[in-house]
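**Q** Using this note's numbering, the first residue of the sequence shown is number 239, and each one after it goes up by one.
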Amino acid sequence: MLNYSFLSGPLVAMSRKLRILIIEDEAAIRIGLIDVFVYHGYEVDFSGHGVEGLDRALTGKFDLILLDVMLPGMNGFEICNRIREQAHDHAIIMLTAKSSDEDIIEGLSLGADDYVAKPFSVAQLVLRVQAVLRRTRNGLAQNKTIQLGNDLSIDCQNLTGRYGAENFSFTRREIEILQYLQSNTERPVSREELLNKVWGYARHLDIETRTVDIHIAKLRRKIEVDPAEPQFLITVRGAGYRLLGQSR
Ligand code: CA
């Protein structure tokens, strides 16, 4: 259940209120979350239904979506998938009811930025929200384009890529991984380091390490001519991943 202790004070004044959409069918949790995020200075919208929640997510302007998994109408995984197909720039945190491995992997590989397992403490959730928003907002201010080889150009701001005449899109997390590897091209980067620096996890579980591999595999399917024989996003055995082949 929600735990209201350890709340920090309201956020200091910002130029614009950050907007959060809460999609959660359990009224007590939903109302608790609305109160907490309004108290912390966010502008909050909400829905208790899957289909309506998806509609809000796609038609409104939000910085972050808190997304429950078990919902009437449409489950959170499906909603996450649909949002990622159409609008790539929302940050999404999944509220997983069961903290089972499969839930976590599925949520994170569908493009959620993070997950919080129920029951969660409100203080922990607020910290996760702040961390995800800080990361997503900083990340996009970084390198604007990544050029790989002669033909592949990645627009980090618009989360899109172009290979010759072919266009495709990335999730924000995929771009963050590329940006982190790009700023450390002189060495391989371990999965643990990616979890620390890109996901913001101080400690991690094996399951999350596998999530890194899933993201790398998805990235390779987008940026490599032959994902089985990567030219750009290579594995350094026993050490991690490295980004090669950049041109300016
Ligand atoms: Ca639910």
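Glycine residues also receive a C-beta, built at the ideal position from the N, C-alpha and C atoms.
1) I'd like to know if the stretch 471 to 478 and the stretch 350 to 370 are in contact, where contact means that at least 3 CB-CB pairs between them fall below 8 Å.
2) Find out if the Cβ-Cβ distance for the pair L309, E262 is shorter than 9 Å.
3) A403 lies in the alpha helix (DSSP H); which residues open and close that run?
4) For K288, tell me which candidate among H453, N319, T423 has the shortest Cα-Cα distance.
5) Going by DSSP in three states, D301 sits in which element: helix, strand or coil?
6) Less than 8 Å separating the Cβ of E264 from some heavy atom of ligand 1?
7) Taking only heavy atoms of ligand 1 into account, decide whether any of them is closer than 8 Å to the Cβ of M308.
8) Tell me, which residues are paired with S421 by DSSP?
9) Tell me whether E323 is buried or exposed, calling it buried when 16 or more other Cβ atoms sit within 10 Å of its Cβ.
10) With a Cβ-Cβ cutoff of 9 Å, do I267 and V282 count as a contact?
11) Determine the contact status of D301 and I258, defining contact as a CB-CB distance below 9 Å.
12) Can you say whether Y479 is buried or exposed, counting buried as having 16 or more other CB atoms within 10 angstroms of its CB?
13) Does DSSP put Y277 in a helix, a strand or coil?
14) Quick check on A265: buried or exposed, where buried means 16 or more other Cβ atoms within 10 Å of its Cβ?
15) Roughly how many whole angstroms lie between the Cα atoms of G349 and I461?
16) Is G487 helix, strand or coil when you go by DSSP?
17) Just tell me which of L304, L482, E430 has its CA closest to the CA of V274.
18) So, at 8 Å on beta carbons, what are the nonlocal neighbours of I452 in its own chain, with the 5 sequence-adjacent residues on each side left out?
19) Around the C-beta of M239, are 16 or more other C-beta atoms found within 10 angstroms, so that it is buried, or is it exposed?
20) Got a sec? Which residues, its chain only, sit under 8 Å from T423 by beta carbon, not counting five neighbours each side?
21) Would you identify the three-state DSSP class for L397, choosing helix, strand or coil?
22) Do I330 and D351 count as a contact pair if the criterion is CB distance below 9 Å?
**A** According to the data block:
1) no
2) For this step, residue 309 is matched to residue 71 along the sequence shown. For this step, residue 262 is matched to residue 24 along the sequence shown. Cβ distance < 9 Å, so L309 and E262 count as in contact.
3) Position 165 of the sequence shown holds residue 403. From DSSP, A403 is part of no alpha helix (DSSP H); its letter is neither H nor E.
4) Taking the first residue of the sequence shown as 1, we reach residue 288 at position 50. Looking at the sequence shown, residue 288 is not Lys but Gly. Ranking the options by Cα distance to G288, first place goes to N319.
5) As a first step, residue 301 must be located in the sequence shown, where it is residue number 63. Looking at D301 - three-state DSSP - the assignment turns out to be coil, as it is neither helix nor strand.
6) Mapped onto the sequence shown, residue 264 falls at position 26. Under cutoff, so the answer is yes.
7) Position 70 of the sequence shown, counting from 1, holds the residue named residue 308. Because some heavy atom of ligand 1 lies under 8 Å away, the Cβ of M308 counts as near it: yes.
8) On the sequence shown, position 183 is the one that residue 421 refers to. Partner(s): none; S421 has no beta bridge.
9) Here residue 323 refers to the residue found at position 85 of the sequence shown. With fewer than 16 other Cβ atoms within 10 Å, it is exposed.
10) The residue given as residue 267 occupies position 29 in the sequence shown. The residue given as residue 282 occupies position 44 in the sequence shown. Cβ atoms of I267 and V282: not closer than 9 Å.
11) In the sequence shown, residue 301 corresponds to position 63, counting from 1. In the sequence shown, residue 258 corresponds to position 20, counting from 1. Yes. Within cutoff.
12) By one-based count along the sequence shown, residue 479 stands at place 241. With 16 or more other Cβ atoms within 10 Å, it is buried.
13) For the purposes of this step, residue 277 is identified with residue 39 of the sequence shown, where counting begins at 1. If DSSP states are grouped into helix, strand and coil, Y277 belongs with the helices.
14) Translated into positions along the sequence shown, residue 265 becomes position 27. Exposed, since its Cβ has fewer than 16 Cβ neighbours within 10 Å.
15) One-based indexing of the sequence shown puts residue 349 at position 111. One-based indexing of the sequence shown puts residue 461 at position 223. If you take the alpha carbons of G349 and I461, they lie about 17 Å apart.
16) Outside the displayed span of the chain (239 to 486) sits residue 487, for which this structure offers no information.
17) Here residue 274 refers to the residue found at position 36 of the sequence shown. Checking every option, the nearest Cα to that of V274 belongs to L304.
18) Within the sequence shown, the letter at position 214 stands for residue 452. Excluding residues within five positions, the ones whose Cβ falls inside 8 Å are I343, L346, S347.
19) For the purposes of this step, residue 239 is taken as residue 1 along the sequence shown, with counting starting at 1. With a pLDDT of 42 at M239, under the threshold of 50, the predicted position of this residue should be treated as unreliable, though the coordinate-derived value follows. Classification for M239: exposed.
20) Indexing the sequence shown from 1 puts residue 423 at position 185. Counting only Cβ-Cβ distances below 8 Å, and skipping sequence neighbours, we find R480, L481, L482, Q484.
21) As a working mapping, residue 397 is identified with position 159 in the sequence shown. Of the three classes helix, strand and coil, the one that applies to L397 here is coil, per DSSP.
22) On the sequence shown, residue 351 is found 113 positions in, with the first residue counted as 1. On the sequence shown, residue 330 is found 92 positions in, with the first residue counted as 1. Going by C-beta atoms, D351 is nearer than 9 Å to I330.
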